[in-house]
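Under my numbering, the first residue of the sequence shown is numbered 8, with each subsequent residue one higher.
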Amino acid sequence: MMAVVGRLGRVLGPQGKMPNPRSGTITFEIAKAVEEIKAGKIEYRTENRAGLVHVVIGRKSFEVEALVENYAVVLEEILRVKPASAKGRYIHSIALATTMGPGIKIDPSRTRDLLEERETEPAFV
8 MMAVVGRLGR VLGPQGKMPN PRSGTITFEI AKAVEEIKAG KIEYRTENRA GLVHVVIGRK
68 SFEVEALVEN YAVVLEEILR VKPASAKGRY IHSIALATTM GPGIKIDPSR TRDLLEERET
128 EPAFV
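Written out as structure tokens, the structure is:
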């Protein structure tokens with residue numbers, strides 16, 4: 008099928024939708040791939056020159072707790088993969104945005120222990 012899909016590379020490539028064995032979109036182990044996706048596997052893209060990370064943490068229909076948990080997990084993962092050679096402040100700024108909406112700036116120093124704070128606070132009304 009890659010011969011057929013390969014012709015669409017000029018359209019799918021720039022959009023980030025081109026199937027790729029490294030990203031797991033081409034596999035012979037279909038059951039394993041489906042299990043990983045159902046378990047919550049996410050992919051994030053990075054722009055090395057600008058130092059940006061693009062990742063989906065949820066949808067509008069998610070509960071507040073689920074969004075906070077997803078945000079905390081993504082933040083922990085980014086800090087976990089931090090290279091040892093990176094010195095100083097690793098995360099300078101964070102902005103959350105809907106697909107076509109404006110970005111909301113978030114202070115990264117105040118969100119480190121977000122899950123612990125969330126568990127001790129009373130639920131939102």
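All C-beta atoms in this analysis are idealised placements derived from N, C-alpha and C, irrespective of residue type, glycine included.
By the beta-carbon neighbour count (other beta carbons within 10 angstroms, threshold 16), Leu82 is buried. With respect to the C-alpha of Val80, the residue from Gly110, Val41, Val62 and Pro90 having the closest C-alpha is Val62.
With a contact defined as Cβ atoms closer than 8 Å, Ser100 and Pro115 qualify at about 7 Å. Counting only the Cα atoms, Thr53 lies some 26 Å from Arg14.
The DSSP-derived three-state label of Glu54 is strand.
Residue range Leu59 to His61 is occupied by the beta strand (DSSP E) that includes Val60, with no alpha helix (DSSP H) assigned at that position.
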